[in-house]
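Structure record follows, encoded as structure tokens.
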Amino acid sequence: MNATGYRIALAAAMAAIGVATVASQDFRPEGPSWSLSGEASFSGTAAWATSPQYGSDSALELTLKARRPGIRAEFSGTADALTGPDGATAAFSLERAYLRWSPGPVVVTLGRQIVNWGNGLLWSPADLFAETRLVGLSPERVGADAIRVALPLGALGGVEAVAAPASDPSDGSYGGRLYGYALGSDFGLQAARDGAAAKTTVSAAVKTDLVLGLWAEIAYAVPDGAGPGDGSLETVAGADWSIGSWFFVAAEYRYNAGGARDAAEALEAAAEGEAYPARHYLYADASAKAGDFASLGIGSVVDLGDGIASVTLSAALDVEQDASLTIWAGYSSGSMTSLDGNDAASFGMRLALAF
Amino acid sequence: MKRSLIMACALWAAVYAWAQAPADAPSAAAILARIDSNESFKSIEYTGRMEIRIGEEFRIKTMRVQAIGADKAMVEFTNPEDAGTRMLKLDKDLWMYFPKEQDTVRISGHLLKEGMMGSDVSYEDALESDELSSTYSATVTGEAEIGGRRAFVVELKALTPKAKFDRRVMRVDAERFVVLSEDMYARSGRLLKTMEARKVERLGGRWYPTVFVLEDKLRKNTSTTMSLGSLVLDIDLDPGLFTRAALER
Chain A
1 MNATGYRIAL
11 AAAMAAIGVA
21 TVASQDFRPE
31 GPSWSLSGEA
41 SFSGTAAWAT
51 SPQYGSDSAL
61 ELTLKARRPG
71 IRAEFSGTAD
81 ALTGPDGATA
91 AFSLERAYLR
101 WSPGPVVVTL
111 GRQIVNWGNG
121 LLWSPADLFA
131 ETRLVGLSPE
141 RVGADAIRVA
151 LPLGALGGVE
161 AVAAPASDPS
171 DGSYGGRLYG
181 YALGSDFGLQ
191 AARDGAAAKT
201 TVSAAVKTDL
211 VLGLWAEIAY
221 AVPDGAGPGD
231 GSLETVAGAD
241 WSIGSWFFVA
251 AEYRYNAGGA
261 RDAAEALEAA
271 AEGEAYPARH
281 YLYADASAKA
291 GDFASLGIGS
301 VVDLGDGIAS
311 VTLSAALDVE
321 QDASLTIWAG
331 YSSGSMTSLD
341 GNDAASFGMR
351 LALAF
Chain B
1001 MKRSLIMACA
1011 LWAAVYAWAQ
1021 APADAPSAAA
1031 ILARIDSNES
1041 FKSIEYTGRM
1051 EIRIGEEFRI
1061 KTMRVQAIGA
1071 DKAMVEFTNP
1081 EDAGTRMLKL
1091 DKDLWMYFPK
1101 EQDTVRISGH
1111 LLKEGMMGSD
1121 VSYEDALESD
1131 ELSSTYSATV
1141 TGEAEIGGRR
1151 AFVVELKALT
1161 PKAKFDRRVM
1171 RVDAERFVVL
1181 SEDMYARSGR
1191 LLKTMEARKV
1201 ERLGGRWYPT
1211 VFVLEDKLRK
1221 NTSTTMSLGS
1231 LVLDIDLDPG
1241 LFTRAALER
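The structure is reproduced here in structure tokens:
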């Protein structure tokens, strides 16, 4: 810990307030007319770290959904106002914007969408098109610009083909998936070719329930021109368990054979967008009900190799019909991306209203 | 000696139950068969409204439900907070789809006993598909008046440990053979749930409860009122609706 002061890291806190919305009506999902719904939320995060820095992020997120039989569209975007030692900036991000068309059994989805192929919480190597990240309190998958065609095989299985093209088609990503349910387990087999990264990845995922919920994923990536033994292995195993409806706990371990071995490699990987560049990680979260309208939670990510940990405490309140408020506070003993050991603290709030 | 005592007690219980039963009451087996016949369907479709009361607070969930027999069902929540969340039931298994994450999760194990979307209705309640007559033995133990209607009191005892409740006490409309109210008990004798039908409608030649109140007695001061609207029975539904692909559509 740097004793000279406190810097603000833009890592976590929030203050979320407000939200206003419009109406939606005709909630019949299969009715002849369009049905509309959405959610708006305002959140704020502030963070401090051990060098004289601070930062904040005030974000307004809006999600709009429209559907009628056979067609579904969704738009979700976030506008952020960021402050930090270098001043204030604004940013906009488009989380999802897609159109889904389902003529008969075939489902075609076009646009920025979450291609969810895995079961993992914070890490999901089986997801060959969607990265996972920790946003505020919860891990979530990031949308990919893709065309996706899905076809069912029986009641619980199916095949999918996904193309995420680039301006040069050879730089695009193209993949497929076969999934199903057998012996009390959900499983998926995936493969994809990433032209820009010049690699081909195959992956498998399985999830079952043996009192504990258990899941495992494995992915093996082979760079162009490399031999079969020169690939990179990544695997995740996790479990969850609950007591009644009032306590829930989950834990997940990730091993990435190609992960960074030192800070220099970590920074290199972080520059390429890898949020967790090291080799061994553990993620765990637990939540407990505190009455009928409130819950308390704790989540933690640990870089086992470098001894860096972050922990977040949260409280969520069901304020009113369709309105929820979440507050949290977090602490990190260092940066997961740069592997430095500077402490950081953050807090935040989020108010969301569905309409 | 011990065996003789048990047999004597069993005989006494049977005689007592027979003596308590109304003289014109059909047999318990016949009542269960009439209930099963009345409440079973080839297919069903309705819009549901779940009014969850927790103390003085209320939360409303709305949904559209489609089902074929007792083994295939698709539920789509339509209230703003849960819009697009779907449940697929196939036999004894249940999958939930969460649209924001585009994630499908199988609900299993003891989670099935938990309240669905914060209500007094458990996933297991929603999954229950066994006919009463194949899961419970029954005895007519008396008569009661529920909401001005004559009812037979029928006690059910589980025939299998897999039954959802060890004992159930039903008040069954003596004319329509609809369950007007019910108390559900654990093996320990603890009251777990109660149900009260608030509205019974005639649909295509049969009587069906369309508004009923469930109370989970393990929770404090809560109840869930379920209302079924636009209910139609025995219509043609596409089996393709009851697939994981349709769940994620």
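Sequence lines, in order, name chains A and B. Each step along the first sequence adds one to the number in the working numbering, with nothing skipped, and position 139 is 139. Each step along the second sequence adds one to the number in the working numbering, with nothing skipped, and position 25 is 1025. Ideal placement from N, C-alpha and C gives every residue a C-beta, glycine not left out. All values derive from a computational prediction rather than experimental measurement.
Separation of residue j from residue i, as counted between CA atoms
i          : j          : result
LEU1180(B) : GLU1201(B) : 12 Å
GLY44(A)   : ARG1034(B) : 60 Å
LEU267(A)  : ALA97(A)   : 31 Å
GLU140(A)  : ARG1150(B) : 56 Å
PHE347(A)  : TYR1208(B) : 53 Å
GLU61(A)   : GLU1175(B) : 56 Å
THR109(A)  : ALA1030(B) : 53 Å
LEU1241(B) : LEU1247(B) : 8 Å
LEU1231(B) : PHE75(A)   : 33 Å
ARG1086(B) : MET1117(B) : 11 Å
TYR283(A)  : ALA1138(B) : 51 Å
VAL236(A)  : ARG261(A)  : 19 Å
THR337(A)  : GLU274(A)  : 8 Å
ASP1082(B) : GLU1155(B) : 38 Å
GLU1076(B) : LEU36(A)   : 14 Å
SER58(A)   : ASP340(A)  : 26 Å
ARG1219(B) : LEU137(A)  : 28 Å
GLY231(A)  : ALA198(A)  : 12 Å
Sequence-distant residues of its chain with Cβ nearer than 8 Å to residue i (five each side left out)
i          : result
ALA294(A)  : ALA315, ALA316, LEU317 and ASP318
VAL1178(B) : ILE1035, ASN1038, GLU1039, VAL1172, ALA1197, VAL1200, TRP1207, TYR1208 and PRO1209
LEU210(A)  : none
GLY1147(B) : LEU1180
ILE1060(B) : ARG1049, MET1050, GLU1051, ILE1052 and ASN1079
ALA88(A)   : ALA81 and LEU82
Anticipated Cβ contact below 8 Å, residue i with residue j, distance rounded
i          : j          : result
ALA204(A)  : ALA126(A)  : 7 Å
ASP285(A)  : ALA250(A)  : 6 Å
GLU1114(B) : SER324(A)  : Not a contact, Cβ separation roughly 19 Å.
ALA360(A)  : PHE247(A)  : Not covered by the structure: residue 360(A). The range shown for chain A is 1 to 355.
SER1119(B) : MET1050(B) : 5 Å
PRO152(A)  : ALA1245(B) : 3 Å
GLU160(A)  : ARG177(A)  : 4 Å
PHE1165(B) : LEU1192(B) : 6 Å
ALA146(A)  : ALA163(A)  : 6 Å
ALA155(A)  : LEU1159(B) : Not quite, the Cβ-Cβ distance comes to about 30 Å (not below 8 Å), so this is no contact.
Contacting residues, own chain, Cβ-Cβ under 6 Å from residue i (five flanking each side not counted)
i          : result
LYS1042(B) : ASP1234
ASN119(A)  : ALA205, LYS207 and TRP215
ASP1238(B) : none
ILE1068(B) : SER1043 and LEU1237
SER93(A)   : THR78
VAL202(A)  : ALA191 and TYR220
ALA15(A)   : The pLDDT assigned to ALA15(A) is 28, lower than 50, so where the model puts this residue is not dependable; a value taken from the coordinates is nonetheless given after this. Same-chain partners within the cutoff: GLY44, GLY348 and MET349.
ARG372(A)  : This structure leaves residue 372(A) out entirely; chain A is present only between 1 and 355.
ARG1187(B) : ASP1166
TYR1097(B) : ARG1086, THR1104, LEU1247 and GLU1248
Cβ neighbours of residue i in the same chain (closer than 7 Å, five flanking residues each side left out)
i          : result
GLY259(A)  : PRO277, ALA278 and ARG279
ALA91(A)   : ASP80 and LEU82
ASN116(A)  : ASP127, ALA130 and ARG141
ASP171(A)  : GLY195 and ALA196
LEU1203(B) : LEU1231 and LEU1233
GLY70(A)   : TRP101, SER102 and PRO103
SER242(A)  : PHE248
Residues bridged to residue i [DSSP beta-bridge criterion]
i          : result
ARG112(A)  : ALA97(A) and ASP145(A)
VAL107(A)  : ALA150(A)
ARG1168(B) : LEU1156(B) and MET1184(B)
ILE1044(B) : ALA1067(B) and LEU1233(B)
LYS289(A)  : SER295(A)
ILE243(A)  : PHE247(A)
ASP1093(B) : LEU1090(B)
TRP328(A)  : SER314(A) and GLY348(A)
ARG356(A)  : Because chain A in this structure spans residues 1 to 355, residue 356(A) falls outside the shown range and cannot be described.
ASN256(A)  : GLU234(A)
ARG68(A)   : ILE71(A)
GLY175(A)  : VAL162(A) and ALA192(A)
Name, going along the chain, the residues of the stretch 128-153 of chain A whose beta-carbon falls closer than 7 Å to a beta-carbon of chain B.
Across the stretch 128-153 of chain A, CB contacts with chain B closer than 7 Å involve GLU140, ARG141, ALA150 and PRO152, in sequence order along the chain.
What are the residues in the stretch 203-224 of chain A lying within 7 Å of chain B by C-beta distance?
So the list reads ASP209 and VAL211, given in the order they occur along the chain.
Anything in the stretch 313-327 of chain A with a Cβ closer than 7 Å to a Cβ of chain B? List those residues in chain order, please.
Going along the stretch 313-327 of chain A in chain order, one finds GLN321 and ASP322 with a Cβ nearer than 7 Å to chain B.
Taking beta-carbon pairs under 9 Å, can you tell me which members of the stretch 1235-1246 of chain B lie near chain A?
Taking 9 Å as the cut-off between beta carbons, the residues of the stretch 1235-1246 of chain B near chain A are PRO1239, GLY1240, PHE1242, THR1243, ARG1244, ALA1245 and ALA1246, in sequence order.
Got a sec: which bits of the stretch 59-85 of chain A sit with their beta carbon under 7 Å from any beta carbon on chain B, in order along the chain?
Residues LYS65.
Any C-beta of chain B within less than 7 Å: which residues of the stretch 179-204 of chain A qualify?
Contact annotation: in the stretch 179-204 of chain A, residues whose CB is within less than 7 Å of a CB in chain B are ASP186.
Contact list for the stretch 1084-1106 of chain B against chain A, Cβ threshold 7 Å
Those residues of the stretch 1084-1106 of chain B placed with their C-beta closer than 7 Å to a C-beta in chain A are GLY1084, LEU1090, GLU1101, GLN1102, ASP1103 and ARG1106, ordered along the chain.
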